[in-house]
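Chemist:
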Amino acid sequence: MLVKAFFYEPAKHIYKLLTDIDYREWCIQSTKLGRLRRFTECRGKVRKWHVNIPDAASFLSAYKEIFVSKIYQFEFENDQPAILDLGANIGLSVLYFKTIFPQAKITAFEADPKIFSYLEHNILTNGFNDVELINKAIWNQNSILRFHAEGADGGRVFDSSTEKMIEIEAVDICEHLEQHHYDFLKMDIEGAEDQVFLALENHLAKFKYIFLEYHSSVGKPQSLAVMLDLLTHNGFRFDIHSLMDSQQPLVAKKITTDFDLQLNIFAWKV
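Note that the sequence shown covers residues -13 to 256 in my numbering.
1) Taking contact to mean 3 or more Cβ pairs, one atom from each stretch, closer than 8 Å, check whether the region 217 to 224 and the region 248 to 256 are in contact.
2) How should Ser202 be labelled, buried or exposed, when 16 other C-beta atoms within 10 angstroms of its C-beta is the threshold for buried?
3) DSSP three-state label for Met173, please.
4) Going by beta-carbon coordinates alone, are Thr93 and Ile120 separated by less than 8 Å?
5) Run the CB neighbour count on His162, radius 10 Å, all protein chains shown included, and call it buried at 16 or more, exposed below.
6) Could you check whether Gly177 and Phe245 sit closer than 8 Å to each other, using their CB atoms as the reference points?
7) Any contact of the region 95 to 106 with the region 184 to 197, i.e. 3+ C-beta pairs under 8 Å?
8) Should Ile159 be listed as close to the ligand ATP, given that the test is whether its C-beta is under 7 Å from any heavy atom?
9) Please determine if the region 70 to 87 and the region 106 to 119 are in contact, where contact requires at least 3 C-beta pairs separated by less than 8 Å.
10) For Ile52 versus Phe45, is the C-beta distance shorter than 8 Å?
11) Scan the region 83 to 168 and note each continuous alpha helix (DSSP H) run of 4 residues or more that stays entirely inside, going in chain order.
12) Go to Lys18, then tell me how far its beta strand (DSSP E) extends in each direction, as first and last residue.
13) Ignore the nearest five residues each way along the sequence and tell me which others in Lys122's own chain have a CB closer than 8 Å to its CB.
14) Let me know the secondary structure DSSP gives Gln59 once reduced to three states.
15) By the DSSP assignment, the beta strand (DSSP E) with Gln283 in it spans what residues?
16) Under DSSP, the beta strand (DSSP E) around Leu70 begins and ends at which residues?
17) Cα separation between Asn128 and Ser209?
18) When burial is assigned at 16 or more other CB atoms within 10 Å of the CB, is His36 buried or exposed?
19) What is the rounded straight-line gap between the Cα of Tyr104 and the Cα of Arg24?
20) Taking the C-alpha atoms as reference points, what is the distance between Leu64 and Met151?
21) Starting from Ser228, trace the beta strand (DSSP E) in both directions and tell me its first and last residue.
22) Considering only residues of the same chain and omitting the five flanking positions on each side of Ile175, which have a CB-CB separation below 6 Å?
23) Pick helix, strand or coil for Ser209, following the three-state DSSP scheme.
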């Protein structure tokens, strides 16, 4: 079995290099950028698009998830789905949605002002002038929030850190959805889903697909059961992938940046 595994993985790698353009390009970018120190600004390439990057490590991780693993892939009845991207970061998700649906109508929110500047540059300079980009947080009410600007993909509302704390404007998600229709909801807002997703009880049924990155914070109640119950009661089935696997979670819990659980939840209307 060990001998088989020894030969299988290199063969699998070579096969993917030859047959999968996104895997091949990700390997090239990993070779170029993989040794850069965290939070070093650089340039990268995603398919035919050149992008500005605030942090190579988070870029490579997102690139692999979005373009190689294709976690946001979905099917739609026409070529113009309306997509609400909450937590668009530097724009890789938007670029992917435009890859599979060039005519998609996309509204992208990004709370961090610095990261938003990367998002705006990467989308507009690559010719996507039809994407609505909004430099505000999304919340359960119109508000001004304290925000920890981490510098890459980990910025969040109400972080315990006192460093890099700024104030940002937040938009009421329910008010926004009363004025706009969307088919696909993507929510990756670093723990703020506790407030935002739970506010969507009367709006979830409007979507056909939902992607939710769920986080639970150490020492705080977990809202996962409530979120899954909301999905079920609104006619969704779901699949769940863990991003923080521990072989022995009862004795050796994995904790990353104050989160003790991180899940990708994929939901679709039945």
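Cβ atoms here follow ideal geometry from the backbone N, Cα and C, with glycine treated the same way.
Modeler: In brief:
1) Touching, yes, given that three or more Cβ pairs across the two stretches are closer than 8 Å.
2) Ser202 should be labelled buried.
3) In this structure, Met173 counts as strand in the three-state DSSP scheme.
4) Closer than 8 Å, so yes.
5) So His162 counts as buried.
6) Judged by beta-carbon spacing, Gly177 lies within the 8 Å limit of Phe245, meaning their Cβ atoms are closer than that value.
7) Taking one beta carbon from each stretch, the region 95 to 106 and the region 184 to 197 have fewer than 3 pairs nearer than 8 Å; the two do not touch.
8) The ligand ATP is not part of the structure shown, which contains no ligands of any sort.
9) A contact exists between the region 70 to 87 and the region 106 to 119.
10) If you check the CB distance, Ile52 and Phe45 do not come in under 8 Å.
11) Taking only runs of at least 4 residues, the alpha helix (DSSP H) segments lying wholly in the region 83 to 168 are 99 to 110, 159 to 165.
12) Looking at the DSSP string, Lys18 is not in any beta strand (DSSP E); the run it does join, the alpha helix (DSSP H), is 7 to 19.
13) The residues are Phe95, Ala97, Ile154, Glu155, Ala156, Val157.
14) In the three-state reduction of the DSSP assignment, Gln59 falls in the coil class, being assigned neither a helical nor a strand state.
15) The question about residue 283 has no answer, for the chain in this structure spans -13 to 256.
16) Leu70 -> beta strand (DSSP E) spans 68 to 72.
17) The straight-line gap from Cα to Cα measures roughly 22 Å.
18) Under this definition His36 is an exposed residue.
19) Arg24 has its alpha-carbon roughly 16 Å from the corresponding atom of Tyr104.
20) Leu is not the amino acid found at residue 64; the sequence shown has Asn there. Whole-angstrom Cα-Cα distance: 43 Å.
21) 222 to 228 is the span of the beta strand (DSSP E), which, as asked, contains Ser228.
22) Hits under 6 Å: Leu72, Gly73.
23) Three-state result, Ser209: coil.
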